[in-house]
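> Handing you this structure, nothing more for now.
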Amino acid sequence: MKMVLVGYMGSGKSTIGRLIAHNLGVSFIDLDHLIEVESGLSVTDLFAQKGVIYFRKLEQSLLQQVLSQNTSYVLSTGGGTPAYGDNMSLILSASDHVVYLQMSVSALVDRLMVEKTTRPLIAHLPDQDLPEFIGKHLFERLPFYAKASVHVLVDHLSPQECVERIMSQTLLT
27 MKMVLVGYMG SGKSTIGRLI AHNLGVSFID LDHLIEVESG LSVTDLFAQK
77 GVIYFRKLEQ SLLQQVLSQN TSYVLSTGGG TPAYGDNMSL ILSASDHVVY
127 LQMSVSALVD RLMVEKTTRP LIAHLPDQDL PEFIGKHLFE RLPFYAKASV
177 HVLVDHLSPQ ECVERIMSQT LLT
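Using this note's numbering, the first residue of the sequence shown is number 27, and each one after it goes up by one.
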């Protein structure tokens with residue numbers, strides 16, 4: 027069983043992915059963590075030192091490696107992963123379940139405002155520009171996220187409620 031979680035940064039992919047993997051007794055893989063291990067740099071430093079194109083190419087290469095594994099896992103992707111190259115097609119063809127963790131712009135702003143400095147895409151933005159930036163990004167990425175087989179609105183759900191909803195919608199209960 028291969029499950030891939032997609033959604034905007036801050037939507038809870040890593041937190042929820044760990045919980046689902048634990049519930050299912052399978053491996054949890056965080057694509058951003060793999061990138062950090064492979065590059066020897068944090069995502070923030072990788073963006074700063076090598077640039078976004080280098081990051082996306084490394085991300086795509088590692089995504090392909092993970093998707094080709096013959097083991098069961100839950101994979102959390104980066105927020106932009108599905109929108110780069112043919113990543114979403116690869117994810118859909120290699121996975122049993124693709125889950126979109128959907129959040130409203132206002133919920134994302136609330137969540138990301140407190141962790142802005144650790145997010146390279148938004149660290150440089152003035153606080154007042156965050157809603158417009160997130161709204162624009164969501165609009166651009168929605169066609170990719172929307173291809174997921176399961177959509178869960180997570181705005182007002184606890185991580186455990188998200189897990190229960192995903193497990194029931196994917197019939198993994």
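We put the beta carbon where it would ideally sit given N, CA and C, even for glycine.
With distances taken Cα to Cα, identify the nearest neighbour of residue 99 among 45, 107, 36 and 160.
Its Cα nearest to that of residue 99, the residue 45 stands out among 45, 107, 36 and 160.
> By the DSSP assignment, the alpha helix (DSSP H) with residue 193 in it spans what residues?
From DSSP, the alpha helix (DSSP H) with residue 193 extends over 185-195.
> Smallest Cα separation from residue 106: which of 145, 153 and 141?
145
> Given a cut-off of 8 Å, decide if residue 198 and residue 191 are closer than it, judged by their beta-carbon atoms.
no
> Just how far apart, CA to CA, sit residue 185 and residue 131?
So the alpha carbons of these two residues sit roughly 18 Å apart.
> Give me the residue from 35, 53 and 86 with the minimum Cα distance to residue 64.
86
> Let's test the definition: count the other Cβ atoms within 10 Å of the Cβ of residue 29 and tell me whether it reaches 16, buried, or not, exposed.
So residue 29 counts as buried.
> Since residue 59 is in the alpha helix (DSSP H), which residue starts that stretch and which ends it?
57-65
> Which first and last residues belong to the beta strand (DSSP E) in which residue 32 is found?
28-32
> Please return the same chain residues whose Cβ sits closer than 8 Å to the Cβ of residue 153, not counting the five positions on each side in sequence.
139 and 142
> Where residue 34 and residue 162 are concerned, what is the direct C-alpha to C-alpha distance, given to the nearest angstrom?
12 Å
> Who are the Cβ neighbours of residue 104 in its own chain at under 7 Å, not counting the five residues just before and after it?
57, 58 and 85
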